[in-house]
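Working notes for the structure below.
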Amino acid sequence: MTLNFRQLNLLGFLGIQFALCFAMYLQYFKGYEPCPFCIFQRVAMIAVGFVFLAAFIHGPKAWGQWVYAFGVSMFSLVGAGVAARHVWLQSLPPDQVPACGPTLDYLMDMMPMGEVVQTVLRGDGNCAKIDAQWLGISLPGWVLVSFFGFVVYAVLTPILPKFLRKTA
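The structure is reproduced here in structure tokens:
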């Protein structure tokens, strides 16, 4: 049995749901409060999930599959950029970490959205703190790996069903 394009996109959507549920578990059951970078990464994950879901529902043929693959890749690369900046901030020596800033809610109440994005991407001390690691890699590091994995997965979704049919 080979999976078709729609089924592969459903699996991608379910992978995103798993990642977001894990983030909610860490927040609500383990007490890890997400910093602004974490929230931006979640927004990118949600965008990737919506593209996977739209591709599953639509089930396009030929070049339409590449349009969805492009959408997943673009949102994943944006998320990877945010995660990479987060990892970089966490790698700074303590004396070079920017001072802690206001919460995202406060920023959104006081500034236009463009300034909020710029302020968050500059980073602050809240985002430099490493709360948890697995195999020596911080959570933003794993998110970065996941986003790159979604790019590879998105590029393979239009190719894989045809390739598997030829080899079967």
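In terms of numbering that gives the first Met the number 0, the sequence shown opens at residue 0 and continues consecutively.
Just so it is clear, CB atoms sit at the ideal spot from N, CA and C, and this is done for glycine as well.
- Following the DSSP letters along the chain, one finds L9 inside the alpha helix (DSSP H) bounded by residues 4-27.
- Scanning its chain for C-beta atoms nearer than 7 Å, with the 5 sequence neighbours on each side dropped, one finds around A79 the residues L143, F146, F147, in chain order.
- As DSSP reads the structure, I45 sits in no beta bridge.
- With a beta-carbon spacing of about 6 Å, I15 and V47 fall inside the 8 Å limit used to define contacts.
- The C-beta distance from A131 to Y31 rounds to 7 Å, short enough to fall under 8 Å.
- With a cut-off of 8 Å on Cβ pairs, the stretch 17-26 is not in contact with the stretch 62-79, counting fewer than three such pairs.
- Counting along the chain, the unbroken alpha helix (DSSP H) around Y152 starts and ends at 138-155.
- By the neighbour-count criterion, in which 16 or more other beta carbons inside 10 Å mark a residue as buried, P33 falls on the buried side.
- Bridge pairing for W133: I136 [DSSP].
- At least 7 Å separates the beta-carbon of T156 from that of L9.
- Per the C-alpha coordinates, the member of F55, A18, T1, V50 positioned closest to Q40 is A18.
- Counting along the chain, A79 sits inside the alpha helix (DSSP H) bounded by residues 62-90.
- Taking C-beta atoms as the reference points, F4 and S75 fail to come closer than 7 Å.
- Per DSSP, reduced to three states, the secondary structure at C37 is helical.
- Assigned with DSSP and collapsed to three states, E114 falls in helix.
- Within 10 angstroms of the beta-carbon of V151 lie fewer than 16 other beta-carbons, which makes it exposed.
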